[in-house]
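Set out below in C-alpha coordinates:
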(Lines of atoms letter the chains of each structure in order from A and count residues from 1; the text may use other names and numbers.)
(Lines give C-alpha, C1' and ligand atoms only; values in the text may rest on other atoms or scores of the structure.)
Protein backbone atom coordinates (compact mmCIF):
# COMPACT_ATOMS: atom_id res chain seq x y z
CA UNK A 1 0.00 0.00 0.00
CA UNK A 2 1.23 3.50 -0.78
CA UNK A 3 0.53 6.31 1.67
CA UNK A 4 1.07 9.99 0.92
CA UNK A 5 2.85 12.11 3.51
CA UNK A 6 0.44 14.92 2.59
CA UNK A 7 -2.48 12.64 3.42
CA UNK A 8 -0.97 11.68 6.81
CA UNK A 9 -0.39 15.38 7.49
CA UNK A 10 -4.15 15.96 7.24
CA UNK A 11 -4.57 13.93 10.45
CA UNK A 12 -1.36 14.70 12.38
CA UNK A 13 0.98 17.70 12.04
CA UNK A 14 4.13 16.13 10.58
CA UNK A 15 5.51 19.28 8.97
CA UNK A 16 8.69 19.25 11.11
CA UNK A 17 9.34 15.50 10.91
CA UNK A 18 11.53 13.84 8.28
CA UNK A 19 9.93 11.11 6.16
CA UNK A 20 12.65 8.66 7.24
CA UNK A 21 11.77 9.25 10.91
CA UNK A 22 8.07 8.66 10.20
CA UNK A 23 8.95 5.44 8.35
CA UNK A 24 11.07 4.26 11.29
CA UNK A 25 8.32 5.00 13.84
CA UNK A 26 5.69 3.24 11.72
CA UNK A 27 7.93 0.19 11.33
CA UNK A 28 8.65 0.09 15.07
CA UNK A 29 4.90 0.19 15.78
CA UNK A 30 4.31 -2.89 13.61
CA UNK A 31 3.46 -1.25 10.27
CA UNK A 32 6.44 -2.21 8.13
CA UNK A 33 7.53 0.50 5.70
CA UNK A 34 9.16 -1.05 2.65
CA UNK A 35 10.40 2.18 1.07
CA UNK A 36 10.09 5.95 1.09
CA UNK A 37 9.84 7.62 -2.32
CA UNK A 38 10.10 11.29 -3.20
CA UNK A 39 7.38 11.82 -5.78
CA UNK A 40 7.47 15.58 -6.18
CA UNK A 41 6.43 16.29 -9.74
CA UNK A 42 9.01 18.23 -11.74
CA UNK A 43 6.59 19.73 -14.24
CA UNK A 44 6.01 23.49 -14.07
CA UNK A 45 3.18 25.89 -14.83
CA UNK A 46 0.48 23.26 -15.43
CA UNK A 47 -2.98 24.70 -14.72
CA UNK A 48 -6.48 23.29 -14.45
CA UNK A 49 -8.75 24.19 -17.38
CA UNK A 50 -12.26 23.24 -18.48
CA UNK A 51 -12.93 21.91 -21.98
CA UNK A 52 -15.59 24.24 -23.39
CA UNK A 53 -15.74 23.15 -27.03
CA UNK A 54 -14.33 20.43 -29.26
CA UNK A 55 -14.20 20.89 -33.04
CA UNK A 56 -12.77 18.74 -35.81
CA UNK A 57 -9.33 19.79 -37.05
CA UNK A 58 -9.72 21.10 -40.63
CA UNK A 59 -6.61 19.25 -41.85
CA UNK A 60 -6.74 15.99 -39.89
CA UNK A 61 -9.16 13.14 -39.25
CA UNK A 62 -7.62 12.30 -35.87
CA UNK A 63 -6.89 15.70 -34.32
CA UNK A 64 -9.29 18.06 -32.56
CA UNK A 65 -9.37 21.80 -31.93
CA UNK A 66 -10.15 22.10 -28.24
CA UNK A 67 -11.24 25.41 -26.70
CA UNK A 68 -10.40 25.52 -23.00
CA UNK A 69 -11.36 27.98 -20.26
CA UNK A 70 -8.27 28.83 -18.21
CA UNK A 71 -10.22 30.78 -15.62
CA UNK A 72 -8.90 34.00 -17.14
CA UNK A 73 -9.74 33.47 -20.80
CA UNK A 74 -10.09 30.98 -23.63
CA UNK A 75 -7.26 29.16 -25.42
CA UNK A 76 -7.26 26.81 -28.40
CA UNK A 77 -5.25 23.60 -28.26
CA UNK A 78 -4.69 21.00 -30.97
CA UNK A 79 -5.19 17.61 -29.34
CA UNK A 80 -5.19 14.01 -30.55
CA UNK A 81 -6.50 12.31 -27.41
CA UNK A 82 -9.68 10.33 -27.90
CA UNK A 83 -10.97 10.49 -24.31
CA UNK A 84 -11.74 14.22 -24.18
CA UNK A 85 -15.27 15.56 -23.69
CA UNK A 86 -16.79 18.98 -23.17
CA UNK A 87 -17.11 19.82 -19.49
CA UNK A 88 -14.02 17.92 -18.37
CA UNK A 89 -11.44 19.67 -16.19
CA UNK A 90 -7.97 18.67 -17.37
CA UNK A 91 -4.29 19.68 -16.95
CA UNK A 92 -3.15 22.37 -19.41
CA UNK A 93 0.44 23.26 -20.23
CA UNK A 94 0.82 26.70 -21.78
CA UNK A 95 3.81 27.71 -23.88
CA UNK A 96 6.82 27.88 -21.53
CA UNK A 97 5.57 25.09 -19.25
CA UNK A 98 7.77 22.07 -18.56
CA UNK A 99 6.38 18.58 -19.13
CA UNK A 100 7.80 15.08 -19.42
CA UNK A 101 8.66 13.71 -22.87
CA UNK A 102 7.12 10.22 -22.75
CA UNK A 103 9.61 8.89 -25.31
CA UNK A 104 12.86 10.09 -23.70
CA UNK A 105 11.83 10.46 -20.06
CA UNK A 106 13.36 13.95 -20.05
CA UNK A 107 11.67 17.23 -19.17
CA UNK A 108 11.20 19.71 -22.00
CA UNK A 109 9.89 23.25 -22.30
CA UNK A 110 6.79 23.65 -24.43
CA UNK A 111 7.34 25.97 -27.38
CA UNK A 112 4.84 27.55 -29.79
CA UNK A 113 3.58 25.00 -32.31
CA UNK A 114 1.60 24.95 -35.53
CA UNK A 115 0.08 21.51 -36.02
CA UNK A 116 -1.25 20.74 -39.49
CA UNK A 117 -1.63 24.45 -40.20
CA UNK A 118 -3.34 25.43 -36.93
CA UNK A 119 -1.62 27.19 -34.02
CA UNK A 120 -1.83 25.31 -30.73
CA UNK A 121 -1.65 27.54 -27.64
CA UNK A 122 -0.35 24.75 -25.42
CA UNK A 123 -1.25 21.15 -24.74
CA UNK A 124 -3.58 19.06 -22.62
CA UNK A 125 -1.64 16.59 -20.48
CA UNK A 126 -1.83 12.90 -19.71
CA UNK A 127 -0.66 11.43 -16.41
CA UNK A 128 2.50 10.25 -18.21
CA UNK A 129 3.36 13.76 -19.38
CA UNK A 130 3.09 14.98 -15.80
CA UNK A 131 5.33 12.16 -14.61
CA UNK A 132 2.68 10.66 -12.33
CA UNK A 133 1.49 7.08 -12.35
CA UNK A 134 -1.79 6.51 -14.18
CA UNK A 135 -2.56 3.50 -12.00
CA UNK A 136 -2.94 5.85 -9.03
CA UNK A 137 -5.74 7.59 -10.88
CA UNK A 138 -7.37 4.58 -12.58
CA UNK A 139 -7.39 6.62 -15.76
CA UNK A 140 -7.70 5.25 -19.28
CA UNK A 141 -5.15 6.19 -21.93
CA UNK A 142 -5.30 9.83 -22.87
CA UNK A 143 -5.74 13.12 -21.09
CA UNK A 144 -5.94 13.01 -17.28
CA UNK A 145 -9.51 13.97 -16.34
CA UNK A 146 -9.15 15.83 -13.04
CA UNK A 147 -12.80 16.41 -12.15
CA UNK A 148 -13.36 12.66 -12.25
CA UNK A 149 -10.80 12.35 -9.42
CA UNK A 150 -11.34 15.70 -7.67
CA UNK A 151 -14.98 16.79 -8.27
CA UNK A 152 -14.53 20.29 -6.79
CA UNK A 153 -11.35 21.26 -8.68
CA UNK A 154 -11.18 24.99 -9.53
CA UNK A 155 -10.14 26.46 -12.88
CA UNK A 156 -6.78 28.16 -13.27
CA UNK A 157 -5.19 26.43 -10.27
CA UNK A 158 -1.71 24.92 -10.35
CA UNK A 159 -2.07 21.15 -10.75
CA UNK A 160 0.57 20.62 -8.04
CA UNK A 161 -1.85 22.13 -5.53
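Residue numbers (the numbering used here): 61 to 221.
Don't be surprised by glycine CBs; every beta carbon is placed ideally from N, CA and C.
So, with DSSP's three-state summary, where would you put residue 92?
The DSSP-derived three-state label of residue 92 is coil.
Alpha-carbon to alpha-carbon, residue 108 and residue 129:
If I take the Cα positions, the gap works out to 9 Å.
With a CB to CB cut of under 7 Å and the five nearest residues on each side skipped, what residues in its chain are close to residue 127?
Counting only Cβ-Cβ distances below 7 Å, and skipping sequence neighbours, we find 112, 113, 134, 136.
Would the stretch 164-181 count as touching the stretch 83-93 if we require 3 or more Cβ pairs under 8 Å?
Judged by pairs of C-beta atoms under 8 Å, the stretch 164-181 does not touch the stretch 83-93, as fewer than three such pairs exist.
Residue 139 versus residue 102 - alpha carbon distance:
Computed Cα separation, rounded: 23 Å.
What does the alpha-carbon distance come out to for the pair residue 156 and residue 61?
A direct Cα-to-Cα measurement between residue 156 and residue 61 gives close to 36 Å.
When you compare the CB positions of residue 189 and residue 162, do they come within less than 8 Å of one another, or not?
Taking 8 Å as the Cβ cut-off, residue 189 and residue 162 qualify as a contacting pair.
The beta strand (DSSP E) that contains residue 188, what's its start and end?
First-last for residue 188: 187-190, but that is the alpha helix (DSSP H), not the beta strand (DSSP E).
If you follow the beta strand (DSSP E) that residue 134 is part of, which residue opens it and which one closes it?
In this chain, the beta strand (DSSP E) harbouring residue 134 covers 134-139.
Can you name the start and end residues of the alpha helix (DSSP H) that residue 175 belongs to?
Following the DSSP letters along the chain, one finds residue 175 in no alpha helix (DSSP H) but inside the beta strand (DSSP E) bounded by residues 173-175.
Pick helix, strand or coil for residue 125, following the three-state DSSP scheme.
DSSP places residue 125 in strand when its eight states are reduced to three.
Between residue 216 and residue 154, which are expected to be in contact by the criterion C-beta below 8 Å, what is the C-beta distance as a whole number of angstroms?
Actually they do not touch by this definition, with Cβ atoms about 11 Å apart.
Excluding sequence positions up to five away, which residues of its chain have a Cβ less than 8 Å from the Cβ of residue 202?
Answer for residue 202: 141, 142, 143, 144, 186, listed in chain order.
Are residue 213 and residue 204 close, meaning C-beta to C-beta below 8 Å?
Not closer than 8 Å, so no.
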